[in-house]
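Remarks on the structure that follows.
In the UniProt record's numbering, the protein residues as written are 1 to 172.
See below:
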C-alpha cells in the first residue's frame with residue numbers, strides 16, 4: 001500500500017483491477033453432465049471428468065473477453081483442485097485467459113457461498129476486486145449483501161441439481 005492507502009505492487013505501480021469469474025454456469029455449460037448428480041449417490045468423478053466436454057456459453061465468454069481488456073481475470077470456481085489441469089486446458093481451448101485459477105481444496109465441503117466469500121476476502125487483501133460474476137443465486141445474494149460488486153450470470157437456467165451440489169453437498 002502507498003501512503004494514500006492504495007494497493008501497489010513491489011515497483012510502486014497500481015495493478016489492474018480484478019474481475020473474479022466463476023466457471024460452471026458462467027462460461028461452461030454443465031447441463032450435459034448434471035445427470036451424474038441426479039442419481040444417488042452422485043457420481044462426482046464422472047461429473048468432473050465430463051467437464052472437458054462442456055460447451056462454452058457465448059454470453060459468458062464474450063463478457064470475460066471484454067473484462068480481460070481492462071482487468072486481470074481471476075477464476076473462482078467450486079471445482080475441486082484435482083480438476084485443475086482439465087479446467088486450465090478447457091479455458092485455453094475456448095480462447096479464454098487462464099489468469100489465476102482459485103479452486104476448492106479437494107476435501108473442502110463448505111457451501112459455494114461460504115467458500116467463495118472466504119476466497120474473495122483473501123484476494124481483496126492484495127487486489128482491488130472490480131466485479132464478481134457468478135451464476136449461483138445464493139452466492140450472488142451473499143456477496144451482494146457483503147457489498148461486493150456482483151454481476152449475476154443468469155443466461156443459463158439454474159437447476160436444483162446444481163444448487164444441491166453447490167450449496168448442500170459443497171462439491172462444486
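Virtual Cβ for every residue (Gly too), placed ideally from N, Cα, C.
Could you check the C-alpha separation between residue i and residue j for me, to the nearest Å?
{"i": "residue 150", "j": "residue 39", "result": "32 Å"}
{"i": "residue 71", "j": "residue 98", "result": "13 Å"}
{"i": "residue 46", "j": "residue 83", "result": "12 Å"}
{"i": "residue 37", "j": "residue 13", "result": "46 Å"}
{"i": "residue 78", "j": "residue 69", "result": "25 Å"}
{"i": "residue 48", "j": "residue 64", "result": "22 Å"}
{"i": "residue 140", "j": "residue 133", "result": "8 Å"}
{"i": "residue 103", "j": "residue 147", "result": "22 Å"}
{"i": "residue 123", "j": "residue 89", "result": "24 Å"}
{"i": "residue 85", "j": "residue 159", "result": "26 Å"}
{"i": "residue 100", "j": "residue 43", "result": "28 Å"}
{"i": "residue 143", "j": "residue 94", "result": "27 Å"}
{"i": "residue 35", "j": "residue 157", "result": "15 Å"}
Relative to the C-alpha of residue i, which candidate in the options has its C-alpha closest?
{"i": "residue 145", "options": "117, 76 and 154", "result": "117"}
{"i": "residue 33", "options": "17, 52 and 96", "result": "52"}
{"i": "residue 92", "options": "56, 115, 123 and 113", "result": "56"}
{"i": "residue 26", "options": "85, 155 and 159", "result": "155"}
{"i": "residue 66", "options": "90, 96 and 35", "result": "96"}
{"i": "residue 113", "options": "62, 137 and 86", "result": "137"}
{"i": "residue 59", "options": "81, 35, 123 and 153", "result": "153"}
{"i": "residue 80", "options": "24, 160 and 157", "result": "24"}
{"i": "residue 62", "options": "28, 86 and 88", "result": "28"}
Just checking my contact of residue i with residue j at CB under 8 Å: how many whole Å lie between their CB atoms?
{"i": "residue 20", "j": "residue 120", "result": "7 Å"}
{"i": "residue 180", "j": "residue 135", "result": "In the structure as shown, the chain begins at 1 and stops at 172. Residue 180 is therefore absent and cannot be evaluated."}
Per DSSP, what are the beta-bridge partners of residue i in this structure?
{"i": "residue 19", "result": "73 and 131"}
{"i": "residue 102", "result": "76"}
{"i": "residue 150", "result": "132"}
Three CB pairs or more closer than 8 Å across the segment 58–73 and the segment 102–114: no
Any 3 or more C-beta pairs closer than 8 Å across the segment 14–27 and the segment 127–138: yes
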